[in-house]
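Visitor: Residues 104 to 254 in this note's numbering are what the sequence shown spells out, letter by letter.
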Amino acid sequence: WRAVRRSFLNPPRGPILVYDQACAVCSGSVRLILRHDRRRTLLFAGRDGDFAARLRERHPGLQDAKTLIWVDPGRDGVERVRVRSDAVMAVAEYLGGWWKAGLAARILPRPVRDGAYAIFARNRHRFAGSSGPCFVPGVAERERFLDLTAP
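(1) Provide the residue(s) that pair with tyrosine 197 in DSSP beta bridges, ordered along the chain.
(2) Leaving out the 5 sequence neighbours to the left and right, which residues in its chain are closer than 7 angstroms to alanine 106 when beta-carbon positions are compared?
(3) In three-state DSSP terms, what is aspartate 140?
(4) Do you know offhand how far leucine 135's Cα is from proline 163's?
(5) Can the beta-carbon of glycine 152 be found less than 7 angstroms from the beta-carbon of aspartate 217?
(6) Which residue spans inside the region 160–195 form an unbroken beta strand (DSSP E) run of at least 3?
(7) For isoleucine 119 versus leucine 137, is the C-beta spacing smaller than 7 angstroms?
(8) Find the nearest neighbour of arginine 245 within the set Leu165, Thr144, Val191, Ile210, judged by alpha-carbon distance.
(9) What would DSSP say about alanine 127, mapped onto helix, strand or coil?
(10) Measuring straight from C-alpha to C-alpha, what distance separates asparagine 226 and proline 212?
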């Protein structure tokens with residue numbers, strides 16, 4: 104976790120997942136999360152959007168990050184950021200239920216988990232190709248995407 108004290112003018116109502124919207128694997132993961140999200144408080148932001156740009160300003164260590172990013176605005180005003188395998192586990196924890204089985208990976212040291220994540224991330228376009236800007240959330244889901252404008 105990286106923490107930054109932040110006062111939001113309009114604080115997000117839940118955690119935010121920053122993803123690569125041009126990646127078919129990432130977009131597919133977002134669709135899967137949308138189907139299984141019972142709480143419906145998770146928000147989404149594209150890696151190349153305004154929210155991600157402001158996030159990189161607040162967390163300079165994320166400037167070159169080409170990874171999944173989990174942002175927890177924190178009720179205490181401290182913004183916490185998780186990246187790579189920790190972000191994946193944050194998603195599993197958030198979804199709950201049998202998804203929590205993925206948390207068993209915590210027994211592995213972070214460098215091992217992140218190494219496996221890096222190998223998968225480098226090869227993700229081989230697995231599913233590039234989706235480009237094809238993924239468009241449905242009308243009911245659009246409010247959960249921070250970088251979308253009204254049609």
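The C-beta atom is built at its ideal place from N, Cα and C for all residues, glycine as well. Since this is a predicted model, take the numbers as computed values, not measurements.
Guide: In brief:
(1) Note: tyrosine 197 sits in no beta bridge, so no partner.
(2) Because alanine 106 sits at a pLDDT of 45, beneath the cut-off of 50, its placement in the model cannot be relied upon, and the point is left open.
(3) Residue state, collapsed to three classes: coil.
(4) 30 angstroms
(5) Their beta carbons are not under 7 angstroms apart, which means glycine 152 does not touch aspartate 217 by this criterion.
(6) 172–175, 181–186
(7) no
(8) Thr144
(9) helix
(10) 22 angstroms
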